[in-house]
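Chemist: Residue numbering for the sequence shown follows my numbering, starting at 1351 and increasing by one per position.
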Amino acid sequence: MSVNGSPVQLNSTFEGDNEADPPEGKSLALLDTGASLGLLPKWAVDAIYGHIPGSVYVQSDDLWIVPCLGEATVTFTIGGVTVPIHPLDLTIPGVFTVGGTKQTFCYNAFQPLTINNLPFDFLLGDSFLRNVYAVYDFGDFDASGNMGKPYVKLLPLTDPKAASESFKKNRAATLAQLPPEGDATKLTGASAPVPGSSTVAPAYTSTSTSAPTPASASAPTTTTTSSSNTTINANTNSNPNANLNDNTGSGSSKTNLLSSGLDDDSDISDTLEKLTKLAPIALGLLGLNVVLLIGLIVMGGVFMAKQRKQAKVLPTIAGPATRGTYAPVTKFPEDDEERSRTPLGRYDMPQYRDNA
1351 MSVNGSPVQL
1361 NSTFEGDNEA
1371 DPPEGKSLAL
1381 LDTGASLGLL
1391 PKWAVDAIYG
1401 HIPGSVYVQS
1411 DDLWIVPCLG
1421 EATVTFTIGG
1431 VTVPIHPLDL
1441 TIPGVFTVGG
1451 TKQTFCYNAF
1461 QPLTINNLPF
1471 DFLLGDSFLR
1481 NVYAVYDFGD
1491 FDASGNMGKP
1501 YVKLLPLTDP
1511 KAASESFKKN
1521 RAATLAQLPP
1531 EGDATKLTGA
1541 SAPVPGSSTV
1551 APAYTSTSTS
1561 APTPASASAP
1571 TTTTTSSSNT
1581 TINANTNSNP
1591 NANLNDNTGS
1601 GSSKTNLLSS
1611 GLDDDSDISD
1621 TLEKLTKLAP
1631 IALGLLGLNV
1641 VLLIGLIVMG
1651 GVFMAKQRKQ
1661 AKVLPTIAGP
1671 ATRGTYAPVT
1681 KFPEDDEERS
1691 RTPLGRYDMP
1701 QYRDNA
């Protein structure tokens, strides 16, 4: 791992058998397609963001606030393959309420891994995987049918020079749609990294099979100053004690930075608010559709009932199956009277009469 061309000394907390132990100066990484961000040891996170000019560490939230247009050249070397990280994957812009006003801050996308006793040191999620083409294989079969060892192959996709130009263009377009960027140095607990501090992984010692504990650490140190001459607590119109958690401007902290941004001030919150306003309209349209559907069903039932009623009244008409069959004709007395008044026809002549 290197930051701005300077190598960062690695170490591992993983303790396996002699064959599974990582080599000296190496760390174990897990590639996780289900993780959006990257989780690294704290010393590695400090090494990355402590080298970005203007970055500020907020101890209360264990978070690095970085100038939104600040960038660093970060590379990871895995299995001899060096993977540059796009600057857009290093920081995340978010909208937060500070002193009663909405401000934009950019924070670290690679965050500290706080879970202990894990069989790896680095969890590299989408913020890393977006920069590679990855192939995962459980092992190929040879001509004899024997299965080889599983492997992972990585092809870097990010060109650092082109990525830097793309970062400036895209990040500027994003900031143009957000509130003004805030001054991170005025946040409570903010501290700037000491210039020239070393970025070395902490050395670990352990005499048991349990998780090792740090014996010494020489990761980048930070310092906080309360001098009225510094930019950290400079006398401004805004409350210098208000941090990212403070929605009142009083300087009191009530919620975590990330939850505050996601729950109150992020785009997700604005979207949910819009959906809440549109919900009654959507429900009204849905109700109207239900009423129309019920009306159509009722009209269809009435129409079918009328059709059945008319079918019962109509006389039966002989169909093709009844042709050629005898159908007696009812003779009424008035037919004889009518016949008696009719003049004699040709068939009433004597030669046609029945002599029987």
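Yeah, the Cβ is synthetic: ideal placement off N, Cα and C, and Gly gets one too.
Would you mind reading off the limits of the beta strand (DSSP E) that contains L1473?
Modeler: Counted from its first residue, the sequence shown places residue 1473 at position 123. From DSSP, the beta strand (DSSP E) with L1473 extends over F1472 to L1474.
Chemist: Alpha carbon to alpha carbon, how far is D1471 from K1376? Give it in angstroms, no decimals.
Modeler: In the sequence shown, the residue the question calls residue 1376 occupies position 26. In the sequence shown, the residue the question calls residue 1471 occupies position 121. One C-alpha to the other measures close to 10 angstroms.
Chemist: Out of curiosity, what's the CA-to-CA distance linking A1526 and S1477?
Modeler: Counting from one through the sequence shown, the residue named residue 1526 turns up at place 176. Counting from one through the sequence shown, the residue named residue 1477 turns up at place 127. Taking the straight line from one Cα to the other gives about 23 angstroms.
Chemist: Exposed or buried, which one is Q1660 when buried takes at least 16 other CB atoms within 10 Å?
Modeler: Against the sequence shown, residue 1660 aligns to sequence position 310. With fewer than 16 other Cβ atoms within 10 Å, it is exposed.
Chemist: Taking C1418 and T1447 to be in contact with their CB atoms under 8 angstroms, please state how far apart those CB atoms are, rounded to whole angstroms.
Modeler: One-based indexing of the sequence shown puts residue 1418 at position 68. One-based indexing of the sequence shown puts residue 1447 at position 97. Actually they do not touch by this definition, with Cβ atoms about 17 angstroms apart.
Chemist: To the nearest angstrom, report how far apart G1355 and F1426 are at their CA atoms.
Modeler: Within the sequence shown, the letter at position 5 stands for residue 1355. Within the sequence shown, the letter at position 76 stands for residue 1426. Distance between the alpha carbons of G1355 and F1426: 11 angstroms.
Chemist: Can you name the start and end residues of the alpha helix (DSSP H) that F1517 belongs to?
Modeler: Numbered from 1 along the sequence shown, position 167 holds the residue referred to as residue 1517. It spans P1510 to L1525 - the alpha helix (DSSP H) in which F1517 sits, taken as one unbroken run.
Chemist: Going by other Cβ atoms of all chains shown within 10 Å of its Cβ, with 16 needed for buried, is P1434 buried or exposed?
Modeler: Walking along the sequence shown from the start, residue 1434 turns up at place 84. Buried: at least 16 other Cβ atoms inside 10 Å.
Chemist: So does C1418 have its beta carbon nearer than 7 angstroms to some heavy atom of the ligand COA?
Modeler: With respect to the ligand COA, the structure shown offers nothing to examine, as it has no ligands at all.
Chemist: Helix, strand or coil, according to DSSP, for I1647 in the structure here?
Modeler: Sequence index remark: in the sequence shown, residue 1647 carries index 297 (1-based). Helix, per DSSP.
Chemist: How long is the line joining the alpha carbons of L1528 and V1445, rounded to whole angstroms?
Modeler: Numbered from its first residue, the sequence shown carries residue 1528 at position 178. Numbered from its first residue, the sequence shown carries residue 1445 at position 95. Cα to Cα, the separation comes out at about 7 angstroms.
Chemist: I need the boundaries of the beta strand (DSSP E) containing K1452, first residue and last residue.
Modeler: Taking the sequence shown and counting its residues from 1, one reaches residue 1452 at position 102. Where K1452 is concerned, the enclosing beta strand (DSSP E) stretches over T1451 to N1458.
Chemist: Could you tell me whether the segment 1384-1391 touches the segment 1453-1461, where touching means 3 or more Cβ pairs closer than 8 angstroms?
Modeler: In short, these stretches touch, since the Cβ pair count reaches three.
Chemist: What does DSSP give as the partner residue(s) for D1411 in the beta ladder?
Modeler: Taking the sequence shown and counting its residues from 1, the one referred to as residue 1411 is at position 61. For D1411, which the question treats as bridged, DSSP gives no partner whatsoever.
Chemist: At which residues does the beta strand (DSSP E) containing K1503 begin and terminate?
Modeler: Counting from one through the sequence shown, the residue named residue 1503 turns up at place 153. That run of the beta strand (DSSP E) goes Y1501 to P1506.
Chemist: Would DSSP call T1621 helix, strand or coil?
Modeler: Translated into the one-based positions of the sequence shown, residue 1621 becomes position 271. DSSP places T1621 in helix when its eight states are reduced to three.
Chemist: Here's the rule I'm using: 16 or more other beta-carbon atoms within 10 Å means buried, otherwise exposed. How should N1466 be labelled?
Modeler: Taking the sequence shown and counting its residues from 1, the one referred to as residue 1466 is at position 116. Per the 10 Å Cβ criterion, exposed.
Chemist: Cutting at 7 angstroms between CB atoms, please list the residues of its own chain near A1489, excluding the five before and the five after it.
Modeler: Counting from 1 along the sequence shown, the entry for residue 1489 is found at position 139. Going by the sequence as given, residue 1489 is Gly instead of Ala. Within the same chain, G1489 has close Cβ partners M1497, G1498, K1499 and P1500.
Chemist: My assumption, with CB atoms under 8 angstroms, is that D1382 sits in contact with L1473. Please give the rounded CB distance.
Modeler: For the purposes of this step, residue 1382 is taken as the residue at position 32 of the sequence shown. For the purposes of this step, residue 1473 is taken as the residue at position 123 of the sequence shown. Confirmed, about 5 angstroms.
Chemist: List the residues that DSSP assigns as beta-bridge partners of S1362.
Modeler: Taking the first residue of the sequence shown as 1, we reach residue 1362 at position 12. S1362 is not bridged to any residue.
Chemist: Can you name the residues that DSSP bridges to E1531?
Modeler: Residue numbering aside, residue 1531 sits at position 181 when the sequence shown is read from its first letter. DSSP output for E1531 lists T1454 as bridge partner(s).
Chemist: Kindly indicate which three-state DSSP category P1357 falls into: helix, strand or coil?
Modeler: Counting from 1 along the sequence shown, the entry for residue 1357 is found at position 7. Strand, per DSSP.
Chemist: Taking D1490 as part of the beta strand (DSSP E), name the residues at either end of that continuous run.
Modeler: Residue mapping note: residue 1490 aligns to position 140 of the sequence shown, counting from 1. Where D1490 is concerned, there is no enclosing beta strand (DSSP E), given that its DSSP letter is neither H nor E.
Chemist: So A1379 is in the beta strand (DSSP E); what residue range does that whole segment cover?
Modeler: Residue 1379 sits at position 29 when you count from the first residue of the sequence shown. Unbroken beta strand (DSSP E) run through A1379: A1379 to L1381.
Chemist: Please report the straight-line C-alpha distance between G1651 and L1633, rounded to a whole angstrom.
Modeler: As a first step, residue 1651 must be located in the sequence shown, where it is residue number 301. As a first step, residue 1633 must be located in the sequence shown, where it is residue number 283. Taking the straight line joining both Cα atoms gives about 27 angstroms.
Chemist: To which residues does DSSP link V1433 through a beta bridge?
Modeler: Numbered from its first residue, the sequence shown carries residue 1433 at position 83. Paired residue(s): F1426.
Chemist: Can you tell me where the beta strand (DSSP E) with T1445 in it begins and where it stops?
Modeler: Reading the sequence shown from its first residue, position 95 is the one you call residue 1445. The amino acid at residue 1445 is misidentified as Thr; the sequence shows Val. T1441 to V1448 is the span of the beta strand (DSSP E), which, as asked, contains V1445.
Chemist: Measuring straight from C-alpha to C-alpha, what distance separates V1358 and A1397?
Modeler: Taking the sequence shown and counting its residues from 1, one reaches residue 1358 at position 8. Taking the sequence shown and counting its residues from 1, one reaches residue 1397 at position 47. For V1358 and A1397, the distance between alpha carbons rounds to 7 angstroms.
Chemist: Label L1537 either buried or exposed according to how many other C-beta atoms from any shown protein chain fall within 10 Å of its C-beta, with 16 as the threshold for buried.
Modeler: On the sequence shown, residue 1537 is found 187 positions in, with the first residue counted as 1. With 16 or more Cβ atoms within 10 Å of its Cβ, L1537 is classed as buried.
Chemist: If you compare alpha carbons, which of P1506, T1451 and G1475 is closest to L1380?
Modeler: Counting from 1 along the sequence shown, the entry for residue 1380 is found at position 30. Selected option, being the one with the closest Cα: G1475.
Chemist: Report back the beta-carbon spacing between Y1415 and V1406 to the nearest angstrom; my notes put them in contact at under 8 angstroms.
Modeler: If you number the sequence shown from 1, residue 1415 lands on position 65. If you number the sequence shown from 1, residue 1406 lands on position 56. In the sequence under discussion, the amino acid at residue 1415 is Ile, which differs from the Tyr named in the question. Right, the Cβ-Cβ distance comes to about 5 angstroms (below 8 angstroms), so this counts as a contact.
Chemist: Could you tell me which residues DSSP pairs with L1389 in its beta bridges?
Modeler: Mapped onto the sequence shown, residue 1389 falls at position 39. DSSP output for L1389 lists Q1461 and L1473 as bridge partner(s).
Chemist: Would I1631 be called buried (16 or more neighbouring beta carbons within 10 Å of its own) or exposed?
Modeler: Counted from its first residue, the sequence shown places residue 1631 at position 281. So I1631 ends up on the exposed side.
Chemist: Which of helix, strand or coil does DSSP assign to V1679?
Modeler: Stepping through the sequence shown from its first residue, residue 1679 is reached at position 329. Coil.
Chemist: How many Å lie between W1393 and G1637 at the Cα?
Modeler: Translated into positions along the sequence shown, residue 1393 becomes position 43. Translated into positions along the sequence shown, residue 1637 becomes position 287. Their backbone Cα atoms lie some 58 angstroms apart in a straight line.
Chemist: Which whole-angstrom value describes the C-beta separation of K1503 and V1485, a residue pair presumed to lie in contact below a C-beta threshold of 8 angstroms?
Modeler: Here residue 1503 refers to the residue found at position 153 of the sequence shown. Here residue 1485 refers to the residue found at position 135 of the sequence shown. About 4 angstroms; that satisfies the 8 angstroms criterion.
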